[in-house]
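Engineer: Mind having a look at this structure? Questions to follow.
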């Protein structure tokens, strides 16, 4: 496995009931998803997110489930509260446990379920990996670095960024219809970076990265609000390839939310820990290097 991504399960989406109309009647135009999402940007409200992402190659797979709340401000997401669970296939789990040096299950220590709260651009972690290892009275670890976004989705397509969503919809090959349309298409990383205002990164990332594509399919309701986004990416390295599939559902748009940082007396900064924060990325990179030897 050559890279790590915050890593799909398919869901059934109910279709709108057909309504008989006079032959001369004209179908109402489909609602604009970009404007529909922007109208949701109200302080104290948000959306629930349920996501499954999976990275697979010819030998193994690694997945992650993300469930939680994303709170909005007047311009977009401002806070989040997620439950994060890793999904390892038996072969990968067995290989990772061989990395253990102290008799403790490596997967239990590094890939244990976690709760992640992001508020005021700071991330707080809690979970089984920290049980019995934090000072008395402490239950949360705060990262030193500020985080650019509270949206932890593995999706390469950010539906909460109006410019990105607008760019993606322009690549749609289907004609949307009223009553819960479905869009689909293919977008390049170059297009996504430009929409995010990060075109300056393209020369550094190289032509091959810029030409990478994301195949996507988006379902919305009759108001234009995203209900489900499914994306697929294939990365090739020589004769091998990896496929990342991410399936995200958005529910309860407009729900009241008030996500705040954990109590200060329960928080310890990562720089004050006497042990390293479990890092799945480092673990997978180590495993990959051993497999290549």
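Numbering (mature numbering (1 follows the signal peptide of the UniProt record, and there is no 0)), first residue to last: -27 to -1, 1 to 266.
No residue lacks a Cβ here, since even glycine has one placed at the ideal position from N, Cα and C.
These numbers come from a predicted model, not from an experiment.
So the candidates are 98, 118 and 164; which of them puts its Cα closest to the Cα of residue 143?
Structural biologist: In the chain shown, counting from the first residue as 1, residue 143 sits at position 170. Comparing Cα positions, the closest option is 164.
Engineer: If we count the other Cβ atoms within 10 Å of its Cβ and call it buried at 16 or more, is residue 17 buried or exposed?
Structural biologist: Against the chain shown, residue 17 aligns to sequence position 44. With fewer than 16 Cβ atoms within 10 Å of its Cβ, residue 17 is classed as exposed.
Engineer: With 16 as the cutoff for other CB atoms within 10 Å, does residue 238 come out buried or exposed?
Structural biologist: Position 265 of the chain shown, counted from the start, is the residue given in the question as residue 238. Exposed, because fewer than 16 other Cβ atoms sit within 10 Å of the Cβ of residue 238.
Engineer: When DSSP labels each residue in this structure, what does residue 128 get in the three-state scheme?
Structural biologist: As a working mapping, residue 128 is identified with position 155 in the chain shown. Coil, per DSSP.
Engineer: Taking only three categories from DSSP, how would you classify residue 8?
Structural biologist: For the purposes of this step, residue 8 is taken as the residue at position 35 of the chain shown. Correct three-state label for residue 8: helix.
Engineer: Could you check where the beta strand (DSSP E) with residue 86 kicks off and where it finishes?
Structural biologist: As a first step, residue 86 is located in the chain shown; it is residue number 113 there, counting from the start. Premise fails: residue 86 is in no beta strand (DSSP E) and is neither H nor E.
Engineer: Does the beta-carbon of residue 233 have 16 or more other beta-carbons within 10 angstroms, so that it is buried, or is it exposed?
Structural biologist: For the purposes of this step, residue 233 is taken as the residue at position 260 of the chain shown. Exposed, since its Cβ has fewer than 16 Cβ neighbours within 10 Å.
Engineer: Can you name, in chain order, every residue of its own chain whose Cβ lies under 8 Å from the Cβ of residue 174, other than the five neighbours on each side?
Structural biologist: Within the chain shown, the letter at position 201 stands for residue 174. Cβ neighbours of residue 174 beyond the five flanking positions: 166.
Engineer: Which runs of the beta strand (DSSP E) spanning at least 3 residues fall entirely within the segment 146 to 192, listed in chain order?
Structural biologist: Complete beta strand (DSSP E) runs here, min 3: 155 to 161.
Engineer: Alpha carbon to alpha carbon, how far is residue 140 from residue 168?
Structural biologist: Here residue 140 is taken as the residue at index 167 of the chain shown, counted from 1. Here residue 168 is taken as the residue at index 195 of the chain shown, counted from 1. Their backbone Cα atoms lie some 7 Å apart in a straight line.
Engineer: Should the segment 100 to 108 be regarded as contacting the segment 126 to 133, the criterion being three or more beta carbon pairs within less than 8 Å?
Structural biologist: Not touching, per the Cβ criterion.
Engineer: Can you tell which of 11, 215 and 247 has the C-alpha that lies nearest to the C-alpha of residue 292?
Structural biologist: Summary: the structure shown does not reach residue 292, with the chain confined to residues -27 through 266, and so no result is reported for it.
Engineer: Can you tell me whether residue 42 is buried or exposed, with buried defined as 16 or more other CB within 10 angstroms of its CB?
Structural biologist: The sequence position of residue 42 within the chain shown is 69, counting from 1. Answer is buried; the Cβ neighbour count reaches 16.
Engineer: To the nearest angstrom, how far is the alpha carbon of residue 22 from that of residue 122?
Structural biologist: Counting from 1 along the chain shown, the entry for residue 22 is found at position 49. Counting from 1 along the chain shown, the entry for residue 122 is found at position 149. Roughly 15 Å separates the two Cα atoms.
Engineer: Flag this pair as yes or no: are the beta carbons of residue 189 and residue 170 separated by less than 9 Å?
Structural biologist: The residue labelled residue 189 in the question sits at position 216 within the chain shown. The residue labelled residue 170 in the question sits at position 197 within the chain shown. Contact: no.
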